[in-house]
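Per our numbering, the very first residue in the sequence shown carries number 1; after that it's consecutive. For glycine and all other residues, C-beta sits at the position ideal for the given N, C-alpha and C.
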Amino acid sequence: MNNLLKAALRQQAVFVPEATTINGQAMTPATGLLTANLARLGFGVSESLLHALNGATPGYQATILEHLREVMGVKKNWTPLVKNWSIPTGESYADHVYTFFANVFNQKSAGPTLHCGHIIPVDAFPPEKYNGCPFCGTPFEAGEIAHYQQNSKVRVLELWTKADAARCLENLLTSKTALDASQQDTLKLLLSVLPLPAVKTGMKETMMTVVDFLVQQGEADKAQALFITPTDILRYLWYKHTGMLQIIEPKTIIKRKTKNSHHFQLPKADNAAAKLVAIQALKLKYGRKDALTAAKWLNNIDMEAEKMCEIMHPKRNMWVRFIRALRLAEFSHRKGFERLHKLMDVFYNQQYEVWQGRVDHFRLKSDAASAFYLLKQRPGMFARSLYANMLWFGADATVKAFADIVDKVPARLLFTLQMYAAYYFDRNGIRAVKPLGGISKTIPANTLVALFSDEELKEMEDAITDLCALAVRKRFMAAATTSKSIYIAPELFKIPLPLGDRSEHIQDLAATLMGTRFPLEGDAVRLFMQWGTGLPAQHMDMDLSCRIIYDDRMDFCSYSNLTTTGCQHSGDIRQIPHMIGTAEYIELNLPALAAANARYVVFTCNAYSGGEIVPNLIVGWMNSQHRMKISAKTGVAYDPSCVQHQVRITSGLTKGLVFGVLDVAMNEIIWLELPFGGQVTQSLDMKNVKAILKKLDSKLTIGHLLQQKAEAQQLQVTDQHEADEAYTLQWALDTAAVTQLLID
1 MNNLLKAALR
11 QQAVFVPEAT
21 TINGQAMTPA
31 TGLLTANLAR
41 LGFGVSESLL
51 HALNGATPGY
61 QATILEHLRE
71 VMGVKKNWTP
81 LVKNWSIPTG
91 ESYADHVYTF
101 FANVFNQKSA
111 GPTLHCGHII
121 PVDAFPPEKY
131 NGCPFCGTPF
141 EAGEIAHYQQ
151 NSKVRVLELW
161 TKADAARCLE
171 NLLTSKTALD
181 ASQQDTLKLL
191 LSVLPLPAVK
201 TGMKETMMTV
211 VDFLVQQGEA
221 DKAQALFITP
231 TDILRYLWYK
241 HTGMLQIIEP
251 KTIIKRKTKN
261 SHHFQLPKAD
271 NAAAKLVAIQ
281 ALKLKYGRKD
291 ALTAAKWLNN
301 IDMEAEKMCE
311 IMHPKRNMWV
321 RFIRALRLAE
331 FSHRKGFERL
341 HKLMDVFYNQ
351 QYEVWQGRVD
361 HFRLKSDAAS
371 AFYLLKQRPG
381 MFARSLYANM
391 LWFGADATVK
401 AFADIVDKVP
411 ARLLFTLQMY
421 AAYYFDRNGI
431 RAVKPLGGIS
441 KTIPANTLVA
451 LFSDEELKEM
461 EDAITDLCAL
471 AVRKRFMAAA
481 TTSKSIYIAP
491 ELFKIPLPLG
501 DRSEHIQDLA
511 ATLMGTRFPL
521 EGDAVRLFMQ
531 WGTGLPAQHM
541 DMDLSCRIIY
551 DDRMDFCSYS
561 NLTTTGCQHS
571 GDIRQIPHMI
581 GTAEYIELNL
591 PALAAANARY
601 VVFTCNAYSG
611 GEIVPNLIVG
621 WMNSQHRMKI
631 SAKTGVAYDP
641 SCVQHQVRIT
651 SGLTKGLVFG
661 VLDVAMNEII
671 WLELPFGGQV
681 TQSLDMKNVK
691 AILKKLDSKL
701 TIGHLLQQKA
711 EAQQLQVTDQ
721 HEADEAYTLQ
731 WALDTAAVTQ
741 LLID
């Protein structure tokens, strides 16, 4: 039941069992108390949900409230280092130097000795302003949330039933784009309580979750039907070993882990130790039962051995490791494994031809006809290399060849080509890319772009846009519909299509697509970060920071610069208390930033300690139409009703993360997720941020896609919810349902 509650909240809803729903009954005292407590957390309820809650048992109502309190972190410790930190403490670098020497020479007469053992000189820090040690960042005190319900605007929760859950599960399974971390987690939650529907999975990553579910149910034989190629099996094996749905090379993971363990103040030997730990963690070891299962899967794939080997070739080094760990050579000599035996023979003797090698051969020979003949055999690969082929072989010949197979290309690729044509053919443009398993980088435009004039590049852009738009229009026109009118919610014009740039971390509140813009209502934005809950006391230094971008300069607010124009930090915590966790804040004064002509404020968090950002760290921001208070006694500044967006870190490779950008002039925050390397916010290359913002601006929004649908199907756009087809913000929360618009 709790799994359904978790899944429902990500759709801005609450699951209530249908058997308990009673309409027309007077509100019970328990229901009134529940709605009042939900309001304190910033939630309201729709009329249908109110009736359902009124029929639920008090025990189930308590379960709902407990779950929402858990998601909103009510029981977590939100106490920062500084009391009433909106008033600067006045500490300086000299205070730290003075305190350092006082402790080195053990000058106990210089001032009081704190619980952590550090001596704080009388003339250094004002200890009465701190909840812990200002020198080492160890908190001593923990306070409760002091202020609730400061934001008058609430999130209205809808009713979620088992039918809604089943529909959501089916949408996730059939999603035509790869699921992000929140959707994958929701899929697992729903599979644990609902029967697996008989639908075809839309993406390879989604299929891995289904395979894992079948294996856990002891039905590994049923998973055989889901494996089309050997790469599917490799993907599942790697997912079970690392938790990664994409096949990231071991050397890439080791390199990331090693770099993440680099520390300004630690010797290089620690890097070597981290590398050894990463290598040990990736070593493969399988029991005979699991190895036999994998051998059966490979043996039963209905494909010629040469074709299978060609597909295995790009990951040949990984396959060699898995073949040894799974004892496939041994199993191949058993009776009934003749197909596996032939596969091993062809693979090790390399008696196969690689398709990509043939394509590259004809490209180097400038043999367009032969190259296009091969590319037409794999429409997806043709689409992914379309831009480069246009620059290599010429636009006219390439577009003409691509037009022959455009109807076979998945819609998600057509929209991607349509959106990014101008982005790619910009001779002065800097592109944002994220290599598989790496951090976001910027790369210059393709060198071949410089060989063409602006007019020729514009013609290439228009040729792609027109071709893809025509193909999409034909698909919409071919789709049967009896509708005459359509309603498109205005908010959908600010939500990008769920194509690429998927989030790697979990959003426990209403899941939001990267690039979504959040309008601000007040004069302040409060960033928050909470980590360490459930862990013993130890050194675990996570940093919350921000970068302020001006036209002619940059500034920052972090542990080393607590106060700057328009920004105030709550103090640097380096040691977490026992089991309860700790928190940091940054307050952004919007009028002050606007008066200083700031353009953007980039929100970042980093693992200053060696390693990655710790799992289950919560980071986000608060905003309220009314002034948000800070506890004068403890400095607690968290109010769940003011939380506008938050993310829970789950990836094990993230050292630094950009989690939002404030556009000061537009008075809105752009939600994005940009991993980067480095211990501090100064490690962030601002070119990456500018490039990804430009990329997000190139994206087609859900609203504009629906406009294309309306034009193609001759639907009348109305502003009435009672239209034949109504697309609301609530509908868009299920991003997997949005992908059903991508008609293949």
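Kindly indicate which residue of the options has the alpha-carbon position closest to the one of residue i.
i: residue 449; options: 395, 465 and 407; result: 395
i: residue 664; options: 518, 718, 529 and 649; result: 518
i: residue 398; options: 32, 408 and 385; result: 385
i: residue 73; options: 530, 37, 152 and 602; result: 530
i: residue 316; options: 82, 234 and 134; result: 234
i: residue 524; options: 585, 486 and 487; result: 585
i: residue 485; options: 718, 614, 672 and 582; result: 718
i: residue 521; options: 457, 622, 587 and 456; result: 622
i: residue 98; options: 592, 134, 383 and 66; result: 134
i: residue 244; options: 661, 185, 119 and 726; result: 185
i: residue 182; options: 646, 137 and 658; result: 646
i: residue 224; options: 211, 231 and 217; result: 211
i: residue 497; options: 490, 491 and 513; result: 513
i: residue 313; options: 355, 138, 493 and 194; result: 355
i: residue 671; options: 600, 332 and 165; result: 600
i: residue 198; options: 554, 176, 137 and 226; result: 226
i: residue 377; options: 409, 674 and 392; result: 409
i: residue 381; options: 346, 417, 632 and 366; result: 417
i: residue 167; options: 8, 366, 569 and 350; result: 8
i: residue 92; options: 729, 559 and 371; result: 559
i: residue 379; options: 363, 634, 407 and 362; result: 407
i: residue 445; options: 388, 54, 411 and 483; result: 388
i: residue 659; options: 653, 440, 652 and 675; result: 675
i: residue 608; options: 587, 570, 655 and 591; result: 655
i: residue 500; options: 743, 30, 699 and 744; result: 699
So, with DSSP's three-state summary, where would you put residue i?
i: residue 85; result: coil
i: residue 527; result: strand
i: residue 731; result: helix
i: residue 672; result: coil
i: residue 612; result: coil
i: residue 309; result: helix
i: residue 3; result: helix
i: residue 381; result: helix
i: residue 283; result: coil
i: residue 707; result: helix
i: residue 623; result: strand
i: residue 662; result: strand
i: residue 716; result: strand
i: residue 277; result: helix
i: residue 461; result: helix
i: residue 520; result: coil
Tell me the rounded alpha-carbon separation between residue i and residue j.
i: residue 56; j: residue 162; result: 15 Å
i: residue 359; j: residue 368; result: 10 Å
i: residue 323; j: residue 329; result: 7 Å
i: residue 720; j: residue 629; result: 40 Å
i: residue 618; j: residue 509; result: 12 Å
i: residue 552; j: residue 431; result: 22 Å
i: residue 215; j: residue 221; result: 8 Å
i: residue 49; j: residue 159; result: 5 Å
i: residue 612; j: residue 667; result: 32 Å
i: residue 35; j: residue 53; result: 9 Å
i: residue 90; j: residue 570; result: 12 Å
i: residue 550; j: residue 557; result: 14 Å
i: residue 218; j: residue 490; result: 47 Å
Does at least one heavy atom of the ligand HEM sit under 8 Å from the Cβ of residue i?
i: residue 185; result: As for the ligand HEM, it is missing from this structure, which has no ligand bound.
Would you call the CB atoms of residue i and residue j closer than 9 Å?
i: residue 504; j: residue 739; result: no
i: residue 533; j: residue 606; result: no
i: residue 593; j: residue 567; result: yes
i: residue 502; j: residue 178; result: yes
i: residue 635; j: residue 79; result: yes
i: residue 68; j: residue 41; result: yes
Is the Cβ of residue i closer than 9 Å to any Cβ of chain C?
i: residue 66; result: No chain C is part of this structure, which consists of one protein chain only.
* To do: Return the chain-ordered ranges of every alpha helix (DSSP H) run that is complete within the segment 60-121 and spans a minimum of 4 residues.
  => 93-104
* To do: May I have a chain-ordered list of the beta strand (DSSP E) segments no shorter than 3 residues that lie completely inside the segment 138-214?
  => 155-160
* Going along the chain, which unbroken runs of the beta strand (DSSP E) with 3 or more residues stay wholly within the segment 541-618? -> 542-549, 554-557, 567-569, 580-589 and 600-607
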